[in-house]
Each structure stands twice: as C-alpha cells, then as structure tokens.
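Q: For reference, the structure I am asking about is given below.
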Amino acid sequence: MAEFLQLTLANVTLAAVYLLIGQGWNLNIAVSGLLNLAIGGLYMFGGMLSFQLAAGWGLPAAVAALLAVAAVAAIALVVERLLLRPAGDRVVVQIIATIGVSMVLMEAARHWFGVDPVKPPALLPGDPVPVGPVPVTPQAVCVIAVAIAGTVASQLFFRRTDRGRAMRACADNPEGARGIGIDVPRQRTIAYTAAGALAALAGVLIAPLIPVTYAGGDFVALKAFMAIAVVGLGDFAWAPAGALAVASIEGYVAGYVSSDYRDVVVLSLLLAVLLAKVVRPSGRLDLLPGTG
C-alpha cells in the first residue's frame, strides 16, 4: 500500500507539471488558435537557467527561479513580436517559426549549460514530512499548489473578467474582435508571453525533483499536449483531469510493468486520442477549436 501511495504522489506531482505546461498550450490556443511548438524549449530553458543562476552565480533559489521565469517570458515576448506577429494569421508560418525557436533554445542550452542533467536547489528546502506511510517533500507540495492556483486563476480570468472574454474572442472571431475595438495582436502577445512564463515556471518547479536536460523539453511538452488533447484543446476546466490521467498511466506503467514501456504506452495513447478526437469522420484533421 505504501508503494502505491508513494507512486500516486509522484504521479500527482508530475501531473501538476503537465498541467502548467498544458495551460500554456491552452492559453495560446484559446487566444490565437496557435499550436505553440516552442513550449517544450521554453520549459527546458527555464529549468536550466534557474540552475545556472543558483548554482553558477550563487543566487538564492527563489531569486534564481523568479529571474529564470522572467527571462523566459521576455524571450517569448520578443519571439511573438519579431516572428509571430509579422506572420499574421498564417498558421503554418507560425508553427514553423515556433519549431525554429525551440531548436535555437535547445542549442543555446547545450552550449551554455552543457549536456548533463541539471538539478537546481529546491525552492522549499527541507526533509520530507511523513504523511501516513508516504514521505512528502516540501518541493512536491509547492509544485502541486502552484499548479492548482494557476488553474483556478486561469479559469476565473477567462470566465469572470472582461479582459479574459476579450482574449477568447480573439480566437473565436478575430475579425469580429477587431470590429468591436479589441487589439487582437496585443492580446496574442500577452497570451504568448504568459504561456512562456507558465512553461518556464513548470521547469523551475520540477527541476529540483526531476533533473532537466537540454534535449528533454519537447518530450515533456508532448505529454502535456496529450493531457489537454484528451479533454479538448482550449478547455481550461478539464485540463487537470487530463493531466492526472496521463501522469497516472505513465507512472503506474513504469511502477508496475516496466519503465521501458512507459513512453511507448503514453505515445500510443496520444495517437489513439488524435485519431478519436481530432480526425473527423469526414477525414479532415481538426487540430484547433473552431476549425473543420
């Protein structure tokens, strides 16, 4: 029983990471309809930069984390203004640009931080606290709490505020949003910057528990994408359920079957989800809300 509970806690912690990254995916989809394929690179760069600032420069862990998130958000802002905004509504150009950004971040991280996994100091240091038969680390609690708070805040923002509804209108009907005076490019810039910050925050929070490598970001982002694809792209309310489902399948397969099959099972399920939810009976591929 203790092993099951320990594995479940690890699954919930991993689900929190997928949730934060997934909400970044959702944010871009909800506002611009864009599949931001740079999310994985932003996640990775945030975790590795926080390590460099803390271990290399000697900054306190909390300061290093904040600076890393701010730096990645600034990168996302610059990318949106210089690459994505000039592309306008040409989705293919935007996707290619985000792939290029991810590759640049990967090479920059390899050059600046090295190829070895990095593990920055915990934001909440301390020995694990026993909760029944399960030792719980303060950092794991921090990851889960931040993910829950971020999800609740996103839900309230988009459902209860005028700015949130205006941002959703930018994806639902860009021309209509422009017609009523909404600055669509500005809303998309805000969304892309916030998505980058969420991805970096996920990297900063999980890196003290699971070391981050320069080439590992895209795979984590792919699993986060599966978490939101299971429940529907752009759906903030059900994203936690999708994240928990994906993390639980991954964790229990690794714990009770074999870690060699963990990724195979998760990716196979992703393909099944895409076939079941994305490919319409007409044979058209519907990747974004409102298309098809």
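Numbering of the sequence shown is given in the UniProt record's numbering, commencing with residue 1 and proceeding in unit increments.
The beta-carbon is built from N, C-alpha and C at its ideal position, and this holds for glycine as well.
For clarity, every value in this text was computed on a predicted model and none was experimentally measured.
#1: By the three-class DSSP mapping on this structure, what secondary structure does Pro135 have?
#2: Which term fits Leu53, buried or exposed, when burial requires 16 or more other beta carbons within 10 angstroms of its beta carbon?
#3: Quick one: using the 10 Å Cβ neighbour count with 16 as the cut-off for buried, is Phe45 buried or exposed?
#4: Looking only at its own chain, which residues have a Cβ that is under 7 Å from the Cβ of Gln6, when we skip the five neighbours before and after it?
#5: Let me check one thing: in DSSP terms, what residues is Pro130 bridge-paired to?
#6: Is DSSP giving Val118 helix, strand or coil here?
#7: How do the stretch 237-244 and the stretch 196-214 stand: do at least 3 beta-carbon pairs fall below 8 Å, yes or no?
#8: Please state if the CB of Val31 and the CB of Ala155 are separated by a distance shorter than 7 Å.
#9: Within 10 Å of its beta-carbon, does Trp25 have 16 or more other beta-carbons around it, so buried, or fewer, so exposed?
#10: Based on Cα-Cα distance, which residue from Met1, Asn11 and Ile21 lies nearest to Tyr252?
#11: Could you check if Met1 is buried or exposed, using at least 16 other CB atoms within 10 Å of its CB as the buried criterion?
#12: Checking the sheet assignment: what are the DSSP bridge partners for Val212?
#13: Looking only at its chain, what residues have a beta carbon closer than 6 Å to the beta carbon of Pro117, apart from the 5 residues adjacent to it on each side?
#14: Extract the residue ranges of the alpha helix (DSSP H) inside the stretch 151-196, only unbroken runs of 4 or more that lie entirely within it.
#15: Using a threshold of 7 Å, state whether the C-beta atoms of Asp218 and Gly40 are closer than that.
#16: Please report how far the alpha carbon of Pro130 lies from the alpha carbon of Leu42, in whole angstroms.
#17: Kindly indicate which residue of Leu67, Ala272 and Asn36 has the alpha-carbon position closest to the one of Leu83.
#18: Would you please state the rounded distance, in angstroms, between the beta carbons of Val69 and Ala38? I believe it to be under 8 Å.
#19: CB Arg221 to CB Ile21, shorter than 7 Å?
#20: Answer with buried or exposed for Ala149, where buried requires no fewer than 16 other C-beta atoms within 10 angstroms of its C-beta.
#21: In its own chain, which residues sit with a C-beta less than 6 Å from the C-beta of Gly290, not counting the 5 before and 5 after it?
#22: Taking only the alpha-carbon atoms, compute the straight-line gap between Gly181 and Gln139 and give it to the nearest angstrom.
#23: Should the stretch 224-238 be called in touch with the stretch 255-271, which here means at least 3 C-beta pairs below 8 Å?
A: Walking through what the data contain:
#1: If you number the sequence shown from 1, residue 135 lands on position 135. It is a strand residue.
#2: Looking up residue 53 in the sequence shown gives position 53. That one is buried.
#3: The residue you call residue 45 lines up with position 45 of the sequence shown. Classification for Phe45: buried.
#4: Taking the first residue of the sequence shown as position 1, residue 6 is located at position 6. Correct list, in chain order: Val134.
#5: Reading the sequence shown from its first residue, position 130 is the one you call residue 130. Pro135.
#6: Here residue 118 corresponds to residue number 118 of the sequence shown, with the count starting at 1. Note: Val118 maps to strand in three-state DSSP.
#7: no
#8: As a working mapping, residue 155 is identified with position 155 in the sequence shown. As a working mapping, residue 31 is identified with position 31 in the sequence shown. At residue 155 the sequence reads Gln, which differs from the Ala that was named. No, the Cβ-Cβ distance between Gln155 and Val31 is not below 7 Å.
#9: Locating residue 25 in the sequence shown gives position 25, counting from the first residue. The residue is buried, with at least 16 neighbouring Cβ atoms inside 10 Å.
#10: By one-based count along the sequence shown, residue 252 stands at place 252. Checking every option, the nearest Cα to that of Tyr252 belongs to Asn11.
#11: Taking the first residue of the sequence shown as position 1, residue 1 is located at position 1. With fewer than 16 other Cβ atoms within 10 Å, it is exposed.
#12: The residue given as residue 212 occupies position 212 in the sequence shown. DSSP lists Val118 as partners of Val212.
#13: Walking along the sequence shown from the start, residue 117 turns up at place 117. Correct list, in chain order: Pro211 and Thr213.
#14: 162-172 and 174-179
#15: As a position in the sequence shown, residue 218 is number 218, starting the count at 1. As a position in the sequence shown, residue 40 is number 40, starting the count at 1. The answer is yes: Cβ separation under 7 Å.
#16: Taking the first residue of the sequence shown as 1, we reach residue 130 at position 130. Taking the first residue of the sequence shown as 1, we reach residue 42 at position 42. Spanning the two alpha carbons is a distance of roughly 34 Å.
#17: Position 83 of the sequence shown, counted from the first residue, corresponds to residue 83. Closest by alpha carbon: Asn36.
#18: Locating residue 69 in the sequence shown gives position 69, where the first residue counts as 1. Locating residue 38 in the sequence shown gives position 38, where the first residue counts as 1. With a Cβ gap of about 16 Å, Val69 and Ala38 do not count as contacting.
#19: Taking the first residue of the sequence shown as 1, we reach residue 221 at position 221. Taking the first residue of the sequence shown as 1, we reach residue 21 at position 21. The amino acid occupying residue 221 in the given sequence is Ala; Arg does not appear at that position. Cβ atoms of Ala221 and Ile21: closer than 7 Å.
#20: For this step, residue 149 is matched to residue 149 along the sequence shown. Exposed, by the Cβ-count rule.
#21: On the sequence shown, residue 290 is found 290 positions in, with the first residue counted as 1. Any answer about Gly290 is weak, because its pLDDT of 42 lies below 50 and its placement is not dependable; what the coordinates show is given next. So no residue of the chain qualifies.
#22: Along the sequence shown, read from residue 1 onward, the residue named residue 181 stands at position 181. Along the sequence shown, read from residue 1 onward, the residue named residue 139 stands at position 139. Roughly 44 Å separates the two Cα atoms.
#23: yes
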